[in-house]
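Engineer: Got a structure for you, written out below as structure tokens; questions coming shortly.
Protein chains in written order, with the numbering used here: chain A, 44 to 240; chain B, 470 to 567.
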């Protein structure tokens, strides 16, 4: 088999714009290089959930709109009652795929490599919440939206998985490749009013 | 803006949802149903003025289907209940003539 081409971020063309976005109190970075798997397991199948949890280094979150970070450095995002997005460092993708598939073999599940389907943008800084509020209808106030909250919603009309990672606040916005340049450009524009000088 | 309580994700704006038409329409057996019965199944809907049982799907969220009772006059979503369960009584169902 021919060697797979090296992965290239769908946002590569915006690298200069992202690096040059010197807004006061908010930064936008491309974190697209990442392994991502869509994992579906029947929530009643406790053994399959336990088996997957053992590989991932932490339980798959069962509470809607939450995410969990495991001891192995995997981020597990709740997508539905029987569906999760498992993400990890890009270089661990193949190994994670093999071990998960091996461990769940013979059990009713679906494991799909969606690494190349999404781009991930990290928006961070004291102004990050204000930037998101311009395009998101959900209540992003800290009383309602805390670290490890993870929702699927629309941001500037693009479907995204929005995950708050810390109190700064920092967010990771996972969006389909085809929307990523549009969304990054929209975010850069939304950040423009906080630009220094 | 109508806010709908997704049974999984919580209150979300209507624009995140897809409307799925009237709920509880059983598919008849095509082998034993005449054309009129099949036509009823395909095209005839109750279209009430008042409480209506309907299907919704959280398209931009968890992508799960559920049923809802909605008042077609006030546009209030009265009750959310799982697919496959019978239609519950709506608050004020009788008063409005169902």
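Ideal placement from N, C-alpha and C gives every residue a C-beta, glycine not left out.
The structure displayed is predicted, hence computed values, not measured ones.
1) Which chain B residues sit within Cβ distance under 7 angstroms of residue 180 of chain A?
2) Given a threshold of 16 other Cβ atoms within 10 Å of its Cβ, counted over all protein chains shown, does residue 55 of chain A qualify as buried or as exposed?
3) Buried or exposed: residue 212 of chain A, going by 16 or more other Cβ atoms within 10 Å of its Cβ?
4) Using the beta-carbon of each residue, which ones in chain D are nearer than 7 angstroms to residue 205 of chain A?
5) Should residue 487 of chain B be flagged as near chain A, meaning a C-beta pair shorter than 8 angstroms?
6) Identify the contact partners of residue 479 of chain B in chain A, using a Cβ-Cβ distance below 8 angstroms as the criterion.
7) Residue 215 of chain A by DSSP, collapsed to three states: which one?
8) Is it right to say residue 196 of chain A is buried, meaning 16 or more other beta carbons lie within 10 angstroms of its own, or is it exposed?
9) Does any residue of chain B bring its CB to less than 8 angstroms from the CB of residue 194 of chain A?
10) Here's a check: name, in chain order, each residue in its chain whose Cβ is nearer than 7 angstroms to the Cβ of residue 223 of chain A, leaving out the five neighbours to either side.
11) Taking the Cβ atom as the reference point for each residue, do residue 207 of chain A and residue 220 of chain A lie within a distance shorter than 8 angstroms?
12) Between the Cα of residue 475 of chain B and those of B:500, B:555, B:560, B:534, spot the shortest distance and give me the residue it belongs to.
13) Can you name, in chain order, every residue of its own chain whose Cβ lies under 6 angstroms from the Cβ of residue 565 of chain B, other than the five neighbours on each side?
14) Would you mind listing the alpha helix (DSSP H) stretches within the segment 123-180 of chain A that are 4+ residues and don't spill past its ends, in chain order?
15) Which stretch, first to last residue, makes up the beta strand (DSSP E) that contains residue 513 of chain B?
16) With a floor of 3 residues, list each beta strand (DSSP E) that falls wholly inside the segment 56-97 of chain A, ordered by position along the chain.
17) Please report whether the beta-carbon of residue 553 of chain B lies at a distance below 8 angstroms from any beta-carbon of chain A.
18) If we cut at 8 angstroms on Cβ distances, does residue 524 of chain B have a partner in chain A?
19) Just the Cα atoms here: how many angstroms apart are residue 567 of chain B and residue 536 of chain B?
20) Grab me the residues of residue 234 of chain A's own chain with a C-beta within less than 7 angstroms of its C-beta, minus the 5 sequence neighbours each way, in chain order.
21) Can you check DSSP and say which residues form a bridge with residue 479 of chain B?
22) What whole-angstrom Cβ distance do residue 111 of chain A and residue 76 of chain A have, given they're in contact under 8 angstroms?
23) Could you list which residues in chain B have their beta carbon closer than 7 angstroms to that of residue 122 of chain A, in chain order?
24) On a CA-only basis, which of A:201, A:158, A:86, A:143 is nearest residue 49 of chain A? Give me that one, please.
25) Which of the three DSSP states is assigned to residue 222 of chain A in this structure?
26) Using CA coordinates, which residue listed in A:180, A:82, A:231, A:168 is at the minimum distance from residue 118 of chain A?
Structural biologist: Taking the structure as given:
1) The sequence position of residue 180 of chain A within the first chain is 137, counting from 1. Chain B residues near residue 180 of chain A: 482.
2) Residue numbering aside, residue 55 of chain A sits at position 12 when the first chain is read from its first letter. So residue 55 of chain A ends up on the exposed side.
3) The residue you call residue 212 of chain A lines up with position 169 of the first chain. Classification of residue 212 of chain A: buried, given that the 10 Å Cβ count is 16 or more.
4) In the structure shown, chain D does not exist; the protein chains are A and B.
5) To locate residue 487 of chain B, count along the second chain from 1; it is residue 18. No, because no Cβ of chain A sits closer than 8 angstroms to the Cβ of residue 487 of chain B.
6) By 1-based counting over the second chain, the position of residue 479 of chain B is 10. Those are 107, 108, listed as they occur along chain A.
7) Residue mapping note: residue 215 of chain A aligns to position 172 of the first chain, counting from 1. DSSP places residue 215 of chain A in strand when its eight states are reduced to three.
8) On the first chain, residue 196 of chain A is found 153 positions in, with the first residue counted as 1. So residue 196 of chain A counts as buried.
9) Residue numbering aside, residue 194 of chain A sits at position 151 when the first chain is read from its first letter. By this cut-off, residue 194 of chain A is an interface position.
10) Translated into the one-based positions of the first chain, residue 223 of chain A becomes position 180. Contacts found: 53, 54, 162.
11) Taking the first chain and counting its residues from 1, one reaches residue 207 of chain A at position 164. Taking the first chain and counting its residues from 1, one reaches residue 220 of chain A at position 177. Against a cut-off of 8 angstroms, the Cβ pair of residue 220 of chain A and residue 207 of chain A comes out as no contact.
12) In the second chain, counting from the first residue as 1, residue 475 of chain B sits at position 6. Considering only alpha carbons, the answer is B:534.
13) On the second chain, position 96 is the one that residue 565 of chain B refers to. Below a pLDDT of 50, predicted positions are generally treated as unreliable, and residue 565 of chain B, at 46, falls in that range; no measurement from the model is reported.
14) 136-147, 171-176
15) As a position in the second chain, residue 513 of chain B is number 44, starting the count at 1. Where residue 513 of chain B is concerned, there is no enclosing beta strand (DSSP E), given that its DSSP letter is neither H nor E.
16) 70-73, 78-84
17) If you number the second chain from 1, residue 553 of chain B lands on position 84. Taking Cβ atoms only, chain A never reaches closer than 8 angstroms to residue 553 of chain B, which makes this a no.
18) Numbered from 1 along the second chain, position 55 holds the residue referred to as residue 524 of chain B. No, residue 524 of chain B does not count as interfacial toward chain A.
19) Counting from one through the second chain, the residue named residue 567 of chain B turns up at place 98. Counting from one through the second chain, the residue named residue 536 of chain B turns up at place 67. Any reading at residue 567 of chain B needs caution, since the residue's pLDDT is 41, under 50, leaving its predicted position unreliable; the model's value is listed next. Spanning the two alpha carbons is a distance of roughly 17 angstroms.
20) Position 191 of the first chain, counting from 1, holds the residue named residue 234 of chain A. Excluding positions up to five away in sequence, the list reads 64, 66, 69, 71, 174.
21) What you label residue 479 of chain B is simply residue 10 of the second chain in a count that begins at 1. Its beta-bridge partners are B:475.
22) As a position in the first chain, residue 111 of chain A is number 68, starting the count at 1. As a position in the first chain, residue 76 of chain A is number 33, starting the count at 1. With a Cβ gap of about 22 angstroms, residue 111 of chain A and residue 76 of chain A do not count as contacting.
23) Working through the first chain from its first residue, we reach residue 122 of chain A at position 79. Within 7 angstroms Cβ-Cβ: 531.
24) Residue mapping note: residue 49 of chain A aligns to position 6 of the first chain, counting from 1. If we check each option's Cα against that of residue 49 of chain A, A:158 comes out closest.
25) Locating residue 222 of chain A in the first chain gives position 179, counting from the first residue. Reduced to three states, the DSSP call for residue 222 of chain A is helix.
26) Working through the first chain from its first residue, we reach residue 118 of chain A at position 75. That would be A:82, whose Cα lies nearest to the Cα of residue 118 of chain A.
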